Amino acid sequence: MSDRSEGYTSDRAPEPVGAFPHARRVGNLLFLSGIGPRRRGTREIPGVTLDADGRVVDHDIEAQTLAVFDNVRTVLEDAGSDWSRIVDVTVFLTDMRRDFATFNRLYAEHFRDNQPTRTTIEVGALPTPIAVELKVIATVD
Numbered sequence: 000m001s002d003r004s005e006g007y008t009s010d011r012a013p014e015p016v017g018a019f020p021h022a023r024r025v026g027n028l029l030f031l032s033g034i035g036p037r038r039r040g041t042r043e044i045p046g047v048t049l050d051a052d053g054r055v056v057d058h059d060i061e062a063q064t065l066a067v068f069d070n071v072r073t074v075l076e077d078a079g080s081d082w083s084r085i086v087d088v089t090v091f092l093t094d095m096r097r098d099f100a101t102f103n104r105l106y107a108e109h110f111r112d113n114q115p116t117r118t119t120i121e122v123g124a125l126p127t128p129i130a131v132e133l134k135v136i137a138t139v140d
């Protein structure tokens with residue numbers, strides 16, 4: 000296994016919110032940066048309702064989770080991997096009590112065939128006004 004690493008930035012996934020690539024490959028492992036539900040080229044965040052000052056007043060965890068899954072799939076595919084090759088997932092939720100059951104149901108539906116290890120953590124906030132973010136490790140040829 001080589002210790003050389005290579006970064007990947009998808010032209011289809013939402014732009015990173017900082018100075019980092021969407022993913023970095025080291026050997027046969029692909030490490031994704033935190034992926035949220037934003038849409039590329041817009042300020043739109045699926046499932047988020049903001050007030051006039053830009054503060055979150057409500058969120059739809061189902062819409063956000065499905066958008067996150069789509070974004071993860073896009074980054075994986077663009078970096079030469081796919082959903083079935085995910086080996087580890089770290090989930091960040093901003094409201095565990097409210098959102099865990101819905102997130103867990105959707106997760107179980109989307110990871111029926113591939114069941115990677117998983118850790119779920121509640122955080123006080125994420126860098127943009129989102130309620131869920133995934134950190135993923137996958138294999139790649």
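To convert, note that position 123 of the sequence shown is 122 in numbering that gives the first Met the number 0; the numbers rise steadily by one, no gaps. Glycine included, each C-beta is placed from N, C-alpha and C at the ideal position. Just so you know, these numbers come straight off a predicted model, no measurement behind them.
Distance, W82 Cα to R104 Cα:
17 Å
Does the pairing of the region 109 to 124 with the region 5 to 16 give three or more beta-carbon distances under 8 Å?
no
Determine the extent of the alpha helix (DSSP H) in which E75 is found, giving its start and end residues.
Note on identity: in this sequence residue 75 is Leu, with Glu being the wrong assignment. It spans I60 to D77 - the alpha helix (DSSP H) in which L75 sits, taken as one unbroken run.
Alpha carbon to alpha carbon, how far is L29 from S1? Give it in angstroms, no decimals.
Because S1 carries a pLDDT of 46, less than 50, the predicted location of this residue cannot be relied on, and the following value inherits that uncertainty. If you draw a straight line from the Cα of S1 to the Cα of L29, it is about 13 Å long.
Any contact between the region 126 to 138 and the region 67 to 84? By contact I mean 3 or more CB pairs, one from each, below 8 Å.
yes
Assuming contact is defined by CB atoms lying nearer than 8 Å, are V71 and P128 in contact in what I supplied?
no
Given a cut-off of 8 Å, decide if V131 and V90 are closer than it, judged by their beta-carbon atoms.
A contact, by the Cβ cut-off of 8 Å.
Length of the line joining the Cα atoms of R96 and I60:
12 Å
Does the Cβ of T93 have 16 or more other Cβ atoms within 10 Å, making it buried, or fewer, making it exposed?
buried
Express the C-alpha separation of A51 and S32 in angstroms, rounding to a whole number.
30 Å
Enclosing beta strand (DSSP E) for R104 [first to last residue]:
In the DSSP assignment, R104 falls outside any beta strand (DSSP E) and within the unbroken alpha helix (DSSP H) covering M95 to H109.
Whole-angstrom Cβ separation of H21 and S9, contact assumed at under 8 Å?
5 Å
How would you label G17, buried or exposed, when you count the other beta carbons within 10 angstroms and need 16 or more for buried?
exposed
At what residues does the beta strand (DSSP E) containing F91 begin and finish?
I85 to L92
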